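Trainee: One structure, pasted below without further comment.
Numbering (the working numbering), first residue to last: 2 to 141.
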């Protein structure tokens, strides 16, 4: 995936397949620290510990027709390539929270892409889902 907005699209589609009725996407730029934070939270079915331990592997997919799932693993790789971090937490029946930190000035940092178009497409494609999007910057 060439930009972060496509990663976000893929992760949110995963949330929808997991039965989410509400998905929150938050981007925060911490300018002085030179980092971009991405948080995606949903209220879907969540994952058990076994699934949570393997979900970021490219050889895992929740889709019955696939033997691999690249969405989460590629987002994790994109964050780690910038010397950032990646974390995913989930509880069965409650939902999932994904956090990724990117170092903005790193040469491997992907462009954000057209995040507003991505959110608009999600809202139009899934009017039954409540999408909350926030984008902020912090100079501290």
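Glycine included, every Cβ here is placed at the ideal spot set by N, Cα and C.
Because the structure is a prediction, the values reported are computed rather than measured.
Just verifying my parser: in three-state terms, what is the DSSP assignment at residue 74?
Mentor: Helix at residue 74.
Trainee: Out of 134, 25 and 29, which one is the CA nearest neighbour of residue 103?
Mentor: When each option's Cα is compared against that of residue 103, the closest is 29.
Trainee: Among the candidates 131, 138 and 135, whose CA atom is the shortest distance from the CA of residue 23?
Mentor: Comparing Cα-Cα distances from residue 23 to each of 131, 138 and 135, the minimum goes to 131.
Trainee: Would you check if the distance between the CB atom of residue 10 and the CB atom of residue 123 is smaller than 9 Å?
Mentor: Yes. Within cutoff.
Trainee: Just reading off the alpha helix (DSSP H) that residue 121 is part of, what are its end residues?
Mentor: Its alpha helix (DSSP H) spans residues 116-126.
Trainee: Using the rule of at least 16 other Cβ atoms within 10 Å of the residue's Cβ for burial, across every protein chain shown, is residue 51 buried or exposed?
Mentor: Looking at its Cβ environment, which holds fewer than 16 other Cβ atoms inside 10 Å, residue 51 is exposed.
Trainee: Less than 8 Å between C-beta atoms, sequence neighbours within five positions excluded: which residues of the same chain meet that for residue 3?
Mentor: Closer than 8 Å at Cβ, skipping near neighbours: 111, 112 and 114.
Trainee: Put residue 113 into one of helix, strand or coil per three-state DSSP.
Mentor: Residue 113 falls in the coil class under three-state DSSP.
Trainee: DSSP state of residue 43, grouped into three classes?
Mentor: DSSP places residue 43 in strand when its eight states are reduced to three.
Trainee: Could one say the Cβ of residue 89 lies closer than 9 Å to chain B's Cβ atoms, at least one of them?
Mentor: This model lacks chain B altogether, as it is built from one protein chain only.
Trainee: From the DSSP output, in three-state form, read off residue 135 for me.
Mentor: Note: residue 135 maps to strand in three-state DSSP.
Trainee: Got a sec, what are the start and stop residues for the alpha helix (DSSP H) residue 54 sits in?
Mentor: Residues 50-55.
Trainee: If I'm right that residue 97 touches residue 6 with Cβ under 8 Å, what's the distance once you round it to whole angstroms?
Mentor: Not quite, the Cβ-Cβ distance comes to about 20 Å (not below 8 Å), so this is no contact.
Trainee: Let me know the secondary structure DSSP gives residue 21 once reduced to three states.
Mentor: Correct three-state label for residue 21: coil.
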